[in-house]
Amino acid sequence: MRLVTALTPEALPLIEHYRLEQVDSDPLFPLYRNDTIYLVVSGIGKTLAAAATAYLHTKSGELPNQPFLNIGIAGHHRSIAGAARVANRITDQSTGQTWYPPQIIRDSMERSALITVETVEREYAEDAAYDMEAAGFYPIAWRASSAELVQSLKVISDHPGESAADLDLQRIEGLIGNCFDEIDGLVKALQDLAGIVVSTTPEPYRLEPFVERWHFSVTQRHRLRRVLARWAVLAKGEDPLTSVPSGCPSARHTIEALENALLAKPLDLHAEVARPLTKLS
Amino acid sequence: MIQTIYIERQVADHPRAREVLARFPAAQRIDCDRYTEIFNPKNQNFRLQKQQPALIIAHKFGKRVLSAPEGYGIGGQHNYYFSHMLNCIYDCRYCFLQGMYRSAHYVLFINYDDFFASMDRTLANHPSEDVWFFSGYDCDSLALDPVTGFATHLLTFLESRQRAFVELRTKSTQIRALLAAPAIPNAVVAFSLTPTETADRFEHKAPPIAKRLQAMRQLADKGWPLGLRFDPLIFDDAFEERYRRLFEEVFAALAPQSLHSVTLGAFRMPQRFFRNLIRLYPSEPLFASPLQGRSGLVSYSKTREEEMIRFCLKELTTYVPPERLFSCSADTRQHGNPPVQTLQAAGVPKR
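Chains as they are written, first to last, in the numbering used here: chain P, 801 to 1081; chain W, 355 to 705.
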């Protein structure tokens, strides 16, 4: 899980609840983590949000299909201070560019359009939330992950009758802290969603035992990778090397031996998926 | 249940759009300029979106009726297809839509009249000749019909156009609109069927085979011409036993004279779509089973495919006159590179 906030007071309730620890002593952006969650504090504005999101992705190992959540305060056209809203449309006011974070999590949370502005909003003209980061965060996180796993949750802090100028750091921390249950619900839902992708990927067999014994061209390496991926699904945990004759003369013959061994195996499409014997290191 | 509805601003006041919206009062509504903003962007995961697909209400621009590939058809000479919807409410693991589209959201084009106008123009291009229009390539023709009401509009259109023949391809039991209307000879309701175990295993959220057969009987009793679509044929070690049982089950429920046509086609898919499917479902044994790349498609080996088709044709000829049987053979398929939308369908004439 990767979390992005603009301000330290927005991050503090999350750091406390998830028991996050600061990663570096002198980082480009303040970065915190535990075993499963990373959090970065970007500073105000979409440019910093974009840069911090990229930094977070890099510092957390550039893993694919990781959930990203932007959390922070926002203004709103309606007088709903203290309410949490998940963005269903993010618009960069300065460029007009719009993104639609897929709405596939079943929960009872309210949704809202979200407009990212360059300076603090005072008009709140549209029936939408107004922030200063989401349009920087979203396209970078989307590029690093999958659209469904990238969301933005805003806690409404100001509206036409209550200016953002009245906000102090303690009030911001309180607003986020009071919505922690909703935030945590969304964090868990996103983690579950990401788990669907990650947990169903069988760990492939290693190529090394093969490439150390035979010379594989680039094309042959692709074929080997594919046949070993099939092996991980169909061959019930058998070591593929045992199906290659010890005197096998070439990479081509090796691939053919593996393919023929798979062809000879019983094919019951209703059987349980096999677990691989060896893992990719 | 649909929880999110995107709607193009230009169709927001369309009466049909309002009807659809009224059916889902609890759904959140999100306005957009074009459906492509939601449907087309990269880095979407079809599998994750299948958890909770949204509905997108849109206007179809451009070509609404397209030529079917040469040689395609179920006996007709002029063959076209159209899609008033993209995507399907079912989640069949073998479906090529998963590999073709980036999004699993359902797109509904509500300018039905424009589709019908396009069909009229197509008919005018073939004066005095029959023309076939195939629905159900990019969607299930009937599965969402209680929401879209498309079938009723289509049947009204067809009633006064005896030269226009339509195939409605479905796995659904949403046949109320058909049962409420008098049967017409120029609309064939074609049901896709696989053996019960295969359907249970791969056709998630689709009605069981027994329910589909029940729906077919109801339609047959009302006089609707029916089609059987054994496509895709899925191979495993129990292939012959499973399909023999399926055919027995089908023809115990249906009188052969109620059938307009029966088509067969082995599992096949463009290689690019297949690669996408493996990425989505890396543990799926179907995609790890013995398949080969041939002419830009992934399919069973030519020998295996011919054996599968031959077996099924032999079994089916004990029930169905040969002139109503059509199959998709590897040889015919290799002639060209048909539009990807058509590759799920069988129906290349056997002769």
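Glycine is no exception: its CB is placed at the ideal position from the N, C-alpha and C atoms. Please read all numbers here as calculations on a predicted model, not as lab measurements.
Kindly say whether residue i, judged by its beta-carbon, lies nearer than 9 Å to any beta-carbon of chain P.
i: L402/W; result: yes
i: P379/W; result: no
i: T390/W; result: no
i: T552/W; result: yes
i: I563/W; result: no
i: P624/W; result: no
i: F589/W; result: yes
i: I361/W; result: no
i: K559/W; result: no
i: A366/W; result: no
Establish whether the CB of residue i and some CB of chain W are separated by less than 9 Å.
i: T853/P; result: no
i: Q893/P; result: no
i: I996/P; result: yes
i: L869/P; result: no
i: W1014/P; result: no
i: P1040/P; result: no
i: R802/P; result: no
i: N834/P; result: no
i: D824/P; result: no
i: V1018/P; result: no
i: H1070/P; result: yes
i: A849/P; result: no
i: V1044/P; result: no
i: A1061/P; result: no
i: L812/P; result: no
i: L856/P; result: no
With a threshold of 7 Å on Cβ separation, who are the neighbours of residue i within its own chain once the five nearest residues in sequence on each side are excluded?
i: Y466/W; result: H438, F504, H507
i: A1064/P; result: none
i: L975/P; result: I873, G882, V955, S957
i: S421/W; result: Y434
i: R819/P; result: N834
In its own chain, which residues sit with a C-beta less than 8 Å from the C-beta of residue i, not counting the 5 before and 5 after it?
i: V520/W; result: W486, F487, F488, S489, L508, L512, N540, A541, V542
i: I563/W; result: L547, T548, P549, T550, A553, L600, E603
i: R1030/P; result: L1062
i: S963/P; result: R922
How big is the Cα-Cα spacing for residue i and residue j?
i: Y444/W; j: T1000/P; result: 21 Å
i: Y1005/P; j: S643/W; result: 17 Å
i: G861/P; j: A852/P; result: 14 Å
i: R633/W; j: I983/P; result: 30 Å
i: A994/P; j: Q357/W; result: 20 Å
i: H817/P; j: L990/P; result: 17 Å
i: V1011/P; j: A935/P; result: 46 Å
i: V950/P; j: L440/W; result: 24 Å
i: S482/W; j: F469/W; result: 21 Å
i: L986/P; j: L640/W; result: 34 Å
i: A887/P; j: F593/W; result: 49 Å
Residue i by DSSP, collapsed to three states: which one?
i: E923/P; result: coil
i: E661/W; result: helix
i: G974/P; result: helix
i: V501/W; result: helix
i: Y466/W; result: helix
i: I443/W; result: coil
i: Q611/W; result: helix
i: L953/P; result: strand
i: H877/P; result: coil
i: N870/P; result: strand
i: G581/W; result: strand
i: C386/W; result: strand
i: T1000/P; result: coil
i: M623/W; result: strand
i: D992/P; result: helix
i: Y435/W; result: strand
i: L899/P; result: Per the sequence presented here, residue 899/P reads as Trp, with Leu not at that position. DSSP places W899/P in strand when its eight states are reduced to three.
By Cβ distance below 6 Å, which residues in the same chain neighbour residue i in space, the five residues on each side in sequence not counted?
i: A569/W; result: T527, I529
i: A947/P; result: P902
i: A850/P; result: G936, I940
i: T805/P; result: A811, V841, I871, G872
Tell me which residues of the segment 882-907 of chain P have at least one Cβ-Cβ distance to chain W shorter than 9 Å, keeping chain order. N888, R889, T898, W899, Y900, P902, Q903, I904, I905, R906
Can you pull out the residues from the segment 977-1001 of chain P whose beta carbon lies closer than 9 Å to at least one beta carbon of chain W? L993, A994, I996, V997, T1000, T1001
Under 9 Å (Cβ pairs) to chain P, residues found in the segment 631-665 of chain W: I632, L634, Y635, P636, S637, E638, P639, L640, F641, A642, S643, P644
Between the segment 925-948 of chain P and chain W, which residues of the former have a C-beta closer than 8 Å to a C-beta of the latter? W942, R943, S945, S946, A947, E948
May I ask you to list, following chain order, the residues of the segment 523-556 of chain W that have a beta carbon less than 7 Å from some beta carbon of chain P? E551, R555
May I ask you to list, following chain order, the residues of the segment 438-453 of chain W that have a beta carbon less than 9 Å from some beta carbon of chain P? none
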